[in-house]
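Q: Quick one: this structure, given as structure tokens, is what I'll be asking you about.
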Amino acid sequence: GCGKSTLLNMVSGFTKPTAGEVQVHGRPVTKPGPDRMVVFQNYALLPWLTVYENVALAVDEVYGQRSKAERDEMVRHHLAMVGLAEAMDKKPPQISGGMRQRVSIARALAIRPQVLILDEPFGALDAITKEELQEELLQIWNENRCTVLMITHDIDEALFLADRLVMMTNGPAATIGEIVDIPFRRPRDRTQIMEDPVYYELRNRILEFLYARHQHPDS
């Protein structure tokens with residue numbers, strides 16, 4: 449109840465703020481646009497379309513003025529990027545949850561957004577698949593270098609992936625509570641990070657913030 453989804457919807461352009469404004473690169477956000485793409489926890493794929501067609505649907509909508517060959521290359525490139533070149537003819541019910549989330553990420557990146565918005569994208573996955581996709585997300589980011597805004601409840605995930613962690617106070621009148629800069633250099637190595645004393649210092653600091661808000665919900 450701290451307003452994470454509301455914040456995501458405002459950045460995405462699905463919801464207008466009641467006061468103030470949301471800006472992306474200095475421009476106010478007033479509606480959804482291809483410069484901001486969202487990856488949801490529940491994949492949001494069309495089950496009657498193939499993996500290829502789910503990605504192509506978005507590419508055709510945004511880049512319809514380009515040739516069919518160009519659009520085909522964009523789809524295939526981004527499916528290969530997430531390791532799904534061999535699965536492009538399958539439909540979502542025929543693939544695993546981790547693969548479906550890869551399709552969602554490929555679809556979002558194929559639009560070449562300035563901001564990639566991730567709404568707890570790995571929350572429904574098992575621990576091993578979750579860690580694999582976290583590693584893949586870092587590799588994908590290294591190639592694309594777009595801004596990523598990710599909502600997560602997982603402290604370890606945030607410390608491994610992010611450069612900056614923004615914690616929010618409790619709702620209904622939630623605010624930005626504390627901002628933590630994460631100092632680990634890139635490329636990130638999970639083992640090295642988890643052996644770093646700074647990792648545990650940051651983790652304890654974050655837990656203290658969250659526990660304090662849980663014990664004093666009005667603060």
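FYI, the numbering for the sequence shown is 449 to 667, going by the working numbering. Just so it is clear, CB atoms sit at the ideal spot from N, CA and C, and this is done for glycine as well. None of these values were measured; they are calculated from a predicted model.
#1: How many angstroms separate the CA atom of Met522 from the CA atom of Trp496?
#2: Using the DSSP secondary-structure output, state which residues sit across from Glu649 in a beta bridge.
#3: Report yes if the C-beta distance between Glu444 and Ile588 is below 9 Å; otherwise report no.
#4: Give the secondary structure of Val470 by DSSP, where H, G and I count as helix, E and B as strand, and everything else as coil.
#5: Taking only the alpha-carbon atoms, compute the straight-line gap between Gly571 and Ala622 and give it to the nearest angstrom.
#6: In this structure, does DSSP put Val523 in helix, strand or coil?
#7: List the endpoints of the continuous beta strand (DSSP E) containing Met616.
#8: For a test of the three-state rule: what should DSSP assign to Val596, helix, strand or coil?
#9: Shorter than 8 Å, the distance from the beta carbon of Ala467 to the closest heavy atom of the ligand MG, or not?
#10: Here's a check: name, in chain order, each residue in its chain whose Cβ is nearer than 6 Å to the Cβ of Met458, leaving out the five neighbours to either side.
#11: What separation, rounded to the nearest whole angstrom, lies between the Cα atoms of Ile576 and Pro482?
#12: Output the boundary residues of the alpha helix (DSSP H) element that contains Ile553.
#13: Can you find the residues in the same chain that come closer than 6 Å, C-beta to C-beta, to Cys450, ignoring five residues on each side of it along the sequence?
#14: Taking just the CA atoms, how far does Asn590 sit from Asp520?
#15: Just to confirm, is the Cβ distance from Ala492 to Ile559 under 9 Å?
#16: Return the CA-CA distance between Lys578 and Gly546, expressed in angstroms with no decimal places.
#17: Rounding to the nearest angstrom, what Cα-Cα distance links His526 and Arg638 in this structure?
#18: How big is the Cα-Cα spacing for Ile630 and Asp574?
#19: I'd like the span of the beta strand (DSSP E) that includes Met485, first residue to last.
#20: Quick test of your reading: Val563 and Thr595, contact by CB under 8 Å. State the CB separation rounded to the nearest angstrom.
#21: Helix, strand or coil for Leu573? Go by DSSP, reduced to three states.
#22: Go ahead and pull the three-state DSSP assignment for Glu626.
#23: According to DSSP, is Arg427 helix, strand or coil?
A: From the atom records:
#1: Taking the first residue of the sequence shown as 1, we reach residue 522 at position 74. Taking the first residue of the sequence shown as 1, we reach residue 496 at position 48. Near 21 Å, if we compare the C-alpha coordinates of Trp496 and Met522.
#2: Against the sequence shown, residue 649 aligns to sequence position 201. In DSSP, Glu649 forms no bridge with anything.
#3: No information on residue 444 is available, as it lies outside the stretch 449 to 667 that the chain covers here.
#4: Numbered from 1 along the sequence shown, position 22 holds the residue referred to as residue 470. Three-state DSSP puts Val470 in coil, outside helix and strand.
#5: As a working note, residue 571 is residue 123 in the sequence shown. As a working note, residue 622 is residue 174 in the sequence shown. Going from the Cα of Gly571 to the Cα of Ala622 covers about 22 Å.
#6: Residue mapping note: residue 523 aligns to position 75 of the sequence shown, counting from 1. Three-state DSSP puts Val523 in a helix.
#7: Residue numbering aside, residue 616 sits at position 168 when the sequence shown is read from its first letter. That run of the beta strand (DSSP E) goes 612-616.
#8: Here the question's residue 596 lines up with position 148 in the sequence shown. In the structure shown, Val596 sits in a strand (DSSP, three-state: E or B).
#9: The ligand MG is not part of the structure shown, which contains no ligands of any sort.
#10: In the sequence shown, counting from the first residue as 1, residue 458 sits at position 10. The answer, listed in chain order, is Pro465, Val470.
#11: Translated into positions along the sequence shown, residue 576 becomes position 128. Translated into positions along the sequence shown, residue 482 becomes position 34. Going from the Cα of Ile576 to the Cα of Pro482 covers about 32 Å.
#12: Against the sequence shown, residue 553 aligns to sequence position 105. Unbroken alpha helix (DSSP H) run through Ile553: 545-558.
#13: Here residue 450 refers to the residue found at position 2 when the sequence shown is read from its first residue. Same-chain partners within the cutoff: Met616, Asn618, Gly619, Ala622.
#14: Translated into the one-based positions of the sequence shown, residue 520 becomes position 72. Translated into the one-based positions of the sequence shown, residue 590 becomes position 142. Roughly 23 Å between the two C-alpha positions.
#15: To locate residue 492, count along the sequence shown from 1; it is residue 44. To locate residue 559, count along the sequence shown from 1; it is residue 111. Taking 9 Å as the Cβ cut-off, Ala492 and Ile559 do not qualify as a contacting pair.
#16: The sequence position of residue 578 within the sequence shown is 130, counting from 1. The sequence position of residue 546 within the sequence shown is 98, counting from 1. Distance between the alpha carbons of Lys578 and Gly546: 8 Å.
#17: As a working note, residue 526 is residue 78 in the sequence shown. As a working note, residue 638 is residue 190 in the sequence shown. Approximately 25 Å, taken between the alpha carbons.
#18: For this step, residue 630 is matched to residue 182 along the sequence shown. For this step, residue 574 is matched to residue 126 along the sequence shown. So the two alpha carbons sit approximately 25 Å from each other.
#19: Numbered from 1 along the sequence shown, position 37 holds the residue referred to as residue 485. Looking at the DSSP string, the run of the beta strand (DSSP E) that includes Met485 is 484-487.
#20: Taking the sequence shown and counting its residues from 1, one reaches residue 563 at position 115. Taking the sequence shown and counting its residues from 1, one reaches residue 595 at position 147. Between Thr595 and Val563 the Cβ distance is about 5 Å, and since that is below 8 Å, they are a contact.
#21: Here residue 573 is taken as the residue at index 125 of the sequence shown, counted from 1. Three-state DSSP puts Leu573 in coil, outside helix and strand.
#22: Here residue 626 corresponds to residue number 178 of the sequence shown, with the count starting at 1. Of the three classes helix, strand and coil, the one that applies to Glu626 here is strand, per DSSP.
#23: Because residue 427 is not part of the residues shown, which for the chain are 449 to 667, the question remains open.
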